[in-house]
Every structure is written in C-alpha cells, then in structure tokens.
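Written out below as structure tokens is the structure these notes cover.
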Amino acid sequence: MRVAVVGVCASGKTTVTEGLRRRGYDAYVVGQEHSIIPDLWRRSHPDHVVVLEADLATVRARRGEAWPEWLYHAQRERLAHARAHATVVVDTSGRRVDETVQIIVDALAAA
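See the structure below:
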C-alpha cells in the first residue's frame, strides 16, 4: 500500500513516514508544501494520502520563533488539494509520534 505523507514544515512528515515504514507501509514524503502544483502528491500514484497538520505555535516551537506566519499560511494553502483528497488528516500539535502513527494506521485499516 503506497501512502503519500504531506504537511506543513515541521509537522512531522519524515518521522511519521519512518514510523509507517516500520509498520510495513510503502510510505513516502511529498514536498507538497513547497509546490505550486496543487496535485503534486498525486504524481506518484498513492493509494492513500495522509495530511499532517500542526498549528503555528507548534511549528515555531520545532523550527524557531522566527518562522514566518505568511509562509505557514502559504504552505497550508498549497496543501488544500491534498487535504480535500486525504484519507486521514491528523493534527500533530501536542501528539507523540507513536500516537500519530497509530491514528493513521487505524484510519488506513478502516479505509
């Protein structure tokens, strides 16, 4: 099962993808937040799309207080198409990685 993982910077894409791979999923990160191509996530033909959300305060805690608000909002806009087609959307703010991965695994099993 191919699983595309997208999200704003510092939402946990790489870490969550590694957790999904350990569970046997063919998971990979798509840099959708950096692309003006709305369906970039679709180019690798995933079976499922996972969108990771994180609020601005969390992104700044992970990346530094100077992380620009305008960039955060631009990245969220770039993720709109993926969000509309997502199998699961998870807010990683205040969540442990294992908890986030389990939410995703449960959603994929139910899909």
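Under the numbering used here, the residues of the sequence shown are numbered 45 to 155, in order.
Each residue gets a CB set at the ideal place from its N, CA and C atoms; glycine is no exception.
For G68, the three-state secondary structure derived from DSSP is coil. Straight through space, the alpha carbons of V52 and E77 are spaced by roughly 6 Å.
Per DSSP, the unbroken alpha helix (DSSP H) holding V149 starts and ends at V141 to A154. Taking the Cα of A124 as reference, the smallest distance to any Cα among R46, I80 and A71 is reached at I80. Pairing V132 with A151 gives a Cβ-Cβ distance under 7 Å.
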